[in-house]
Amino acid sequence: MLYDIFIDPFVQMYDMPDFFLQVLWEGFVAGILYALIALGFVLIFKASGVFNFAQGIMVVFAALTLVGFHENGVPAYMALVLTVFVMGILAYGVERIVMRPLVNQPEIILLMATIGLTYFLVGFGEFVFGGEPKQMITEELGLPTGSTAFEIGERGLIILQHIDIAAAVIAVIMVTALGIFFNKTRIGRALRAVADDHQAALSVGISLNQIWAIVWFAAGLVALATGIMWGARSDVSFALEIVAFKALPVLILGGFTSIPGAIVGGLIIGFGEKIGELYWGGLVGGGVESWLAYIIALVFLLFRPQGLFGERIIERI
Amino acid sequence: MRDFKQLAIGAAVAVGVGLTGVMAPAAQAQDSNYVPLLTYRTGPYAGSGIHIANGMHDYLKMLNERDGGIGGVKLELEECETGYNAQKGVECYEATKGKGALVYNPYSTGITLQLIPKASVDKIPVLSMGYGLSAAADGNVFPWVFNVPDTYWDGASVVIKYIGQQEGGLENLKGKKIGYIFLDAGYGREPIPLLEQLAEKYGFELLQYAVPGAEMQNQSSQWLNVRRDRPDYMVMWGWGAMNPTAIKEAVKIRFPMDKFIGVWWSAGDDDAAAGGDGAKGYKAMNFSGVGSDFPALADIQEHVIDAGLSSTDAASVGGTLYNRGVLNSVIIAEGIRTAQELTGKKVITGEDMRMGLEALDLDEARLEELGLKGFAHPMKVTCEDHAGSHPVFIQQWNGEKWQQASDWIEPMTDLVRPLLEAAAKEYAEKNAPWPARTEPCPN
């Protein structure tokens, strides 16, 4: 038993280095995708201190809108622009109808509002687009398809999907852009002020409404990018909403307020769950992936309750 | 005070809604036969559920429009959305059973398991066509449950038999590895006991890959395991979004698609198409017709779809899952017709319907009469055998459509039947006091 736990997995890694590299690659891609989802949560949390339960359905809604426009004859790039426009309208609507009436309400009220928003978007999405899964317009958007295989030794093989490489590149670009936007611009600083205290931010002339609309729009764009990437890997269906909650352990690990935390947390969870499932999962009959991520996050929490990059909150009484 | 007023209005509305629900059964027409359809057009499993729901609805609707119903009595159809959720399924059952429901088609093994104990109490049969509890095929223990034309255990035996044929005989399975990837729910776990028995009997290694419902679109770990284990064949028991994702992942790891075989619920056109060119060669079991070249389907097109009485996209008529839904409704309709003949009544009850299903005899002549020649293998139900263990064929995806890729293959009845009977006995013992059969046999 001790051999199976402490020795055998490493022997396997050594014996099949191509497979180990493939596992690392898959972990990296999964981590990037988890990080993309987590980013959406982080943006809203930074601005309003609320866990946006609707982020998952926003991913589905954005992807369905894109595919829906295209199915109705709109060229792919125009459909992309129109979808961005729709996400803008959604952000404006959420700010006006959901968030604005709830300024200064307890956070639990805001959370409940996002749960309500989730169910609205599920129903509205199914009403408009139907419940059938749709295929992502990957090629039409100019995203790469297919794969490249690298042979290692006599039987070794590493297969890299082009769409996964594109996902990694897009994630890096998005994170960089968001990082610059929120750290180097006036709006970014205003956002951090809003996150600390709504009333204090209002008192110094920051428009809460504007900030919330911007941040929901940014979260919508992240949702769109996530929807395109996940949709290309499987299908665009309402089942994707559940996948979005894979971001939870990422948030616990990386901290709810840190963009770098979402990235690092995503990668740790991505690598951790793939390596855990492939090399240790068999010891307990497999299927550890769905809960291993939470175990990893909880272990980190023991040492850093605020997450790896979360802000340490000291409340003076 | 304002709160109290709102509460009072809310309560009044709730009572009103509740009363409407209670009053509804009385409002059911007494000159029609009421058939509730438990369907799912929303949620993660809608991709499969919509086609089934359309096929079921359209055939019964066509009978109403073309023939004025069955035996001169119209069918009263009502869909109830379950979302493939057992709790919602039971809610649908409870909400509709009082309206004179003749039969329930849960379209979920989870819901079926919930309804089985209720069937004998409420005297409404459950028709789980090719799914549900395999042991329910034992009509002596489960007189109210029907899983014609096949159980999952029949399906599992067919797929192993087919793999044996590919290898030149079942004896050549010794030392082979067969992977089994399945939705980690009652449905996907159902065939495992039989597959384990077959693995022991024929000496192959059974490798299991569970896909949790929440991870249906995130299967890379399972398929990395497949890549490492290098099974000779893969068998899939998937549903909803699991199917297209699994096919894409199989393509991704370059698994030979002609050695990847799905159950009849992993045989959707959209499922296979999702894999693109790489999915060519993927196989699946089937027991219902391929394509739309059947007179009955032409009648559906004319009387229902062209008439705007359906939400079916015309292009999906003839798809595997649509045709499966049609076959399900053919069994319902023939059950009603047989019950009418047996009882002499036009408007029948659930008890009559049970007899009708138990006396079901859908032979070649009847299939031709229905405009469905070759659409299914002739099927017959007996009081002892509610599934019938009918032959199944293998179909193969050519990149654009399904094509029949084998003759009809008989399940290993000699092996499956004793196991079914033992499982039925065990179920009855675990759920004691399980009612002994008192229902008369119509055959």
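For the protein sequence lines, the chains are A and B, in the order given. The working numbering applies: residue 1 is where the first sequence begins, and numbers increase by one. The working numbering applies: residue 318 is where the second sequence begins, and numbers increase by one. Think of the CB as a built atom: it goes at the ideal place given N, C-alpha and C, for glycine as much as any other residue.
is_contact[residue i, chain A] using C-beta, thresh 8 Å
i, result
"residue 545(B)", "yes"
"residue 403(B)", "no"
"residue 533(B)", "yes"
"residue 510(B)", "no"
"residue 591(B)", "yes"
"residue 361(B)", "yes"
"residue 562(B)", "yes"
"residue 648(B)", "no"
"residue 340(B)", "In this prediction, residue 340(B) scores a pLDDT of 40, lower than 50, which makes its location untrustworthy; the coordinate-derived value is nonetheless stated afterwards. Output row for residue 340(B): interface = no."
"residue 414(B)", "no"
"residue 358(B)", "yes"
"residue 372(B)", "no"
"residue 367(B)", "yes"
"residue 587(B)", "yes"
Cross-chain neighbours of residue i in chain B, by beta carbon under 8 Å
i, result
"residue 228(A)", "Ordered by position in chain B, no residue passes the 8 Å Cβ test against residue 228(A), which lies about 14 Å from the chain."
"residue 5(A)", "In chain order: nothing, as chain B lies at least about 18 Å away."
Endpoints, the beta strand (DSSP E) within which residue i is located
i, result
"residue 285(B)", "The first residue shown for chain B is 318 and the last is 760, placing residue 285(B) beyond what the model contains."
"residue 320(A)", "Nothing about residue 320(A) can be read from this structure; chain A reaches only from 1 to 317."
"residue 602(B)", "600-603"
"residue 579(B)", "577-579"
"residue 525(B)", "522-528"
"residue 349(B)", "349-356"
"residue 500(B)", "494-500"
"residue 391(B)", "391-398"
Contact with chain B by residue i, beta-carbon distance below 8 Å
i, result
"residue 237(A)", "yes"
"residue 249(A)", "no"
"residue 30(A)", "yes"
"residue 260(A)", "no"
"residue 156(A)", "no"
"residue 203(A)", "no"
"residue 286(A)", "yes"
"residue 344(A)", "An answer regarding residue 344(A) cannot be provided, because it is not within the stretch 1 to 317 covered by chain A."
"residue 159(A)", "yes"
"residue 290(A)", "yes"
"residue 126(A)", "yes"
Within chain A, the residues that residue i reaches when beta carbons sit closer than 9 Å
i, result
"residue 798(B)", "In the structure as shown, chain B starts at 318 and stops at 760, and residue 798(B) therefore has no counterpart that could be examined."
"residue 624(B)", "Chain A residues near residue 624(B): none, gap ~21 Å exceeds 9 Å."
"residue 557(B)", "133, 237 and 239"
"residue 718(B)", "The premise fails here: residue 718(B) is roughly 17 Å from chain A at the closest Cβ pair, so nothing lies under 9 Å."
"residue 693(B)", "Per Cβ cutoff of 9 Å: no residues; residue 693(B) is ~25 Å from chain A at best."
"residue 527(B)", "285, 286 and 287"
"residue 571(B)", "147, 149, 157 and 159"
Closer than 7 Å: residue i CB and nearest the ligand MN heavy atom
i, result
"residue 729(B)", "Only the bare structure without any ligand can be found here, which leaves the ligand MN out of the picture."
Cβ distance (whole Å) where residue i is taken to contact residue j below 8 Å
i, j, result
"residue 637(B)", "residue 585(B)", "6 Å"
"residue 426(B)", "residue 353(B)", "Their Cβ separation, rounded to whole angstroms, is 19 Å, which puts residue 426(B) and residue 353(B) out of contact at 8 Å."
"residue 500(B)", "residue 456(B)", "The pair is not a contact, with the Cβ atoms about 28 Å apart (cut-off 8 Å)."
"residue 569(B)", "residue 159(A)", "7 Å"
"residue 622(B)", "residue 634(B)", "7 Å"
"residue 99(A)", "residue 212(A)", "5 Å"
"residue 188(A)", "residue 259(A)", "Going by Cβ atoms, the distance from residue 188(A) to residue 259(A) rounds to 11 Å, so no, they are not a contact pair."
"residue 603(B)", "residue 710(B)", "6 Å"
"residue 578(B)", "residue 479(B)", "7 Å"
Boundaries (first-last residue) of the alpha helix (DSSP H) holding residue i
i, result
"residue 109(A)", "107-129"
"residue 441(B)", "Neither: residue 441(B) is in no alpha helix (DSSP H) and is coded neither H nor E."
"residue 409(B)", "403-413"
"residue 226(A)", "208-233"
Neighbouring residues, chain B, relative to residue i (Cβ below 9 Å)
i, result
"residue 243(A)", "531, 532, 533, 534 and 535"
"residue 234(A)", "533, 534, 535, 536, 558, 561, 562, 565, 566 and 591"
Listed by chain order, chain E residues near residue i by CB distance under 9 Å
i, result
"residue 501(B)", "Absent from the structure is chain E; the protein chains it does hold are A and B."
For the region 537-544 of chain B against the region 20-34 of chain A, are there 3 or more C-beta pairs whose distance is under 8 Å? A contact is defined here as three or more CB-CB pairs under 8 Å, and the region 537-544 of chain B meets this definition with respect to the region 20-34 of chain A.
Is the region 2-15 of chain A close to the region 241-259 of chain A, with three or more CB pairs under 8 Å? No contact exists between the region 2-15 of chain A and the region 241-259 of chain A.
Check your understanding: For the 8 Å Cβ check, are there 3 or more pairs between the region 224-232 of chain A and the region 62-74 of chain A?
Key -> Verdict: yes, contact present.
- prompt: Is it true that the region 199-206 of chain A meets the region 485-492 of chain B, where meeting means three or more beta-carbon pairs spaced less than 8 Å apart?
  reply: Counting C-beta pairs closer than 8 Å gives fewer than three between the region 199-206 of chain A and the region 485-492 of chain B, which falls short of the contact rule.
Touch test, the region 162-174 of chain A against the region 139-146 of chain A, Cβ-Cβ under 8 Å, three pairs minimum
Contact between the region 162-174 of chain A and the region 139-146 of chain A is present, because at least three Cβ pairs lie under 8 Å.
* Asked: Is it a yes or a no for the region 606-615 of chain B touching the region 581-597 of chain B, going by three-plus beta-carbon pairs under 8 Å?
  -> Remark: fewer than three beta-carbon pairs, one from each stretch, lie closer than 8 Å, so the region 606-615 of chain B and the region 581-597 of chain B are not flagged as touching.
- Touching or not, the region 474-481 of chain B and the region 724-739 of chain B, by the rule of three or more beta carbon pairs under 8 Å? Yes, they touch.
Does the region 544-552 of chain B come close enough to the region 248-262 of chain A to have 3 or more Cβ pairs within less than 8 Å? Using a Cβ-Cβ distance cut-off of 8 Å, the region 544-552 of chain B and the region 248-262 of chain A are not in contact, since fewer than three pairs of beta carbons, one from each stretch, lie closer than that value.
Tell me whether the region 37-45 of chain A and the region 277-295 of chain A touch, counting them as touching only if at least three CB pairs, one residue from each stretch, are closer than 8 Å. No, the region 37-45 of chain A does not touch the region 277-295 of chain A.
query: Given 8 Å as the limit, is there contact between the region 215-223 of chain A and the region 100-116 of chain A, that is, 3 or more CB pairs closer than that?
result: Cβ pair count under 8 Å is below three, so no.
- Take every Cβ of the region 349-366 of chain B, pair it with every Cβ of the region 645-664 of chain B, and state whether three or more of those distances are shorter than 8 Å. Contact holds: three or more Cβ-Cβ distances are below 8 Å.
* To do: Determine, using beta-carbon pairs with one atom in the region 395-414 of chain B and one in the region 683-703 of chain B, whether at least three such pairs fall under 8 Å.
  => Not touching, per the Cβ criterion.
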